[in-house]
Amino acid sequence: MFSRTMKRTAAFAATTVTALSLMAAQSGAAGNPHVYTPRNAFYQGHDPRGNFTAQIKYDTGKFQMGWQLSAATAALATGPMNETANLTCNGRRVTHDSHAAVGARYFLHMSSSLGRDMTRCNWELTIHETFPIGHSGTRTVDVDFPFVVTLV
């Protein structure tokens with residue numbers, strides 16, 4: 002009834018939705034930001050799309066993060082990837098990072114001083130990566146990591 006291509010496309014779409022939901026649940030993107038405390042200053046999340054780590058260095062007031070596509074996700078790329086990352090405090094951009102035409106296994110890393118607003122912000126890190134797949138398709142991977150920083 003359905004062509005093999007349509008079945009594969011439907012399966013791929015279902016897998017993508019599941020993966021996005023998993024990362025959102027892990028990062029708290031569904032309205033529950035991750036809470037950093039001095040005793041819980043590190044976060045690590047994995048899903049089929051990639052691996053994410055982030056930490057607060059309380060002694061320096063820095064946020065440090067790393068993100069890398071999984072080998073399976075990167076294997077879909079048929080060309081270079083473009084990426085952008087933004088860290089915002091209450092919607093105001095604090096740090097921006099971008100790279101054009103990097104390999105799909107590029108390890109995105111960023112460090113940013115949170116300054117005097119460290120505990121006064123609803124922080125949000127967003128990552129947007131786009132790369133070609135197949136002959137005429139494009140794959141986009143978005144990561145949304147909201148967080149707050151407390152001193153207790």
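If you're matching positions, the sequence shown starts at 2 in the numbering used here and goes up one per residue.
C-beta atoms are modelled at their ideal positions from N, C-alpha and C, and glycine is treated no differently.
Checklist entry - For residue 91, which residues of its own chain have a beta-carbon under 6 angstroms away from its beta-carbon, when the five flanking residues on both sides are left out? => result 122, 123
Checklist entry - Residue ranges of each beta strand (DSSP E) run of no fewer than 3 residues wholly in the region 102 to 127, ordered along the chain? => result Counting whole runs of 3 or more residues, the region 102 to 127 contains the beta strand (DSSP E) stretches 109 to 114.
Next on the checklist: Quick check: the Cα distance between residue 148 and residue 47, rounded to an integer number of angstroms?
Outcome noted: 17 angstroms
Checklist entry - Between the C-alpha atoms of residue 64 and residue 132, what's the straight-line distance to the nearest angstrom? => result Approximately 27 angstroms, taken between the alpha carbons.
Checklist entry - Three or more C-beta pairs closer than 8 angstroms, one from the region 76 to 94 and one from the region 34 to 41: is that the case here? => result no
Item to check | Under the three-state DSSP convention, the category residue 74 falls into | outcome: helix
Checklist entry - Taking C-alpha atoms, which residue in 110, 115, 130, 139 lies nearest to residue 53? => result Closest option to residue 53, judged by alpha-carbon separation, among 110, 115, 130, 139: 110.
Checklist entry - Would DSSP call residue 40 helix, strand or coil? => result coil
Checklist entry - Would you report the Cα separation of residue 61 and residue 137, rounded to the nearest angstrom? => result 46 angstroms
Checklist entry - Near residue 112, what residues of its chain come up, given a Cβ to Cβ distance below 6 angstroms and the 5 sequence neighbours on each side ignored? => result Around residue 112: 63, 65.
Item to check | Buried versus exposed, by CB contacts within 10 Å (16 or more), residue 73 | outcome: A residue is called buried once 16 or more other Cβ atoms fall within 10 Å of its Cβ, and residue 73, having fewer, is exposed.
Item to check | Proximal residues to residue 142 (C-beta, below 6 angstroms), its chain only, five neighbours per side dropped | outcome: 50, 130
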